[in-house]
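Counted the way mature numbering (1 follows the signal peptide of the UniProt record, and there is no 0) counts, the sequence shown spans residues -19 to -1, 1 to 131.
Idealized CB from N, CA, C, for every residue including glycine.
As the structure is a prediction and not an experimental result, all values here were calculated from the model.
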Amino acid sequence: MKLSTILTTLTTTLPLVTADFHILTGPCSIAPGFGGSLESDVVACPSDYYNCDCMLNGDRAGHLNAGDTPVDGVGNTGSNFFQISGMCGVGNMNFYLQGDGSWLFYLDGGDGSVQGTCYNGDNSIKDCNGFSAACSWKNILVCYSYICNP
């Protein structure tokens, strides 16, 4: 068997860990143009569904359930714990800050095994405008796991 055949077989059969989901935060103008308010919001979106349907409309999104993400809107929180609910059908996920600045996450009520790791995002901005809100989402964490992979 040729070495190239072996390498091809290995690379197609080994599971690859790629960015699975992103955690974003941003200021949102609620009811812009109608005297609305400015609020901060947090959303988690699968990497293969990184769009305004997820971010603004909540389609396939996870939402902050407890604690504070490291950045909320435009301010730093100093948080070391937060919980996201509703991502990829797994219930609540608990995120804990590590000494190196990464975040490990676990399934709430699970067996205690690490489900993935999140690293600082590139802080790129994704603007989403809808009928009742306009948001500027900042990519604050990129998470690597198998949670959202079928």
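Checklist entry - If we call anything under 9 Å between Cβ atoms a contact, is Y77 one with N61? => result yes
Checklist entry - Which whole runs of the beta strand (DSSP E) in the region 26 to 109 are 3 residues long or more, in chain order? => result 43 to 48, 62 to 66, 74 to 78, 84 to 88, 97 to 101
Next on the checklist: Quick check on this structure: which residue in G93, C26, G7 has the alpha carbon closest to the alpha carbon of T69?
Outcome noted: Here the sequence assigns Cys to residue 69, which means Thr is not the residue at that position. Here the closest residue by C-alpha is C26.
Checklist entry - Hey, F112 and T98: beta-carbon distance below 9 Å or not? => result no
Item to check | Cα-Cα separation between S83 and S10, rounded to whole angstroms | outcome: 30 Å
Item to check | Nearest-angstrom Cα separation, counted from D34 out to I121 | outcome: 19 Å
Item to check | Reduced DSSP secondary structure (H/G/I, E/B, other) of S113 | outcome: coil
Item to check | First and last residue of the uninterrupted beta strand (DSSP E) at C9 | outcome: -1 to 11
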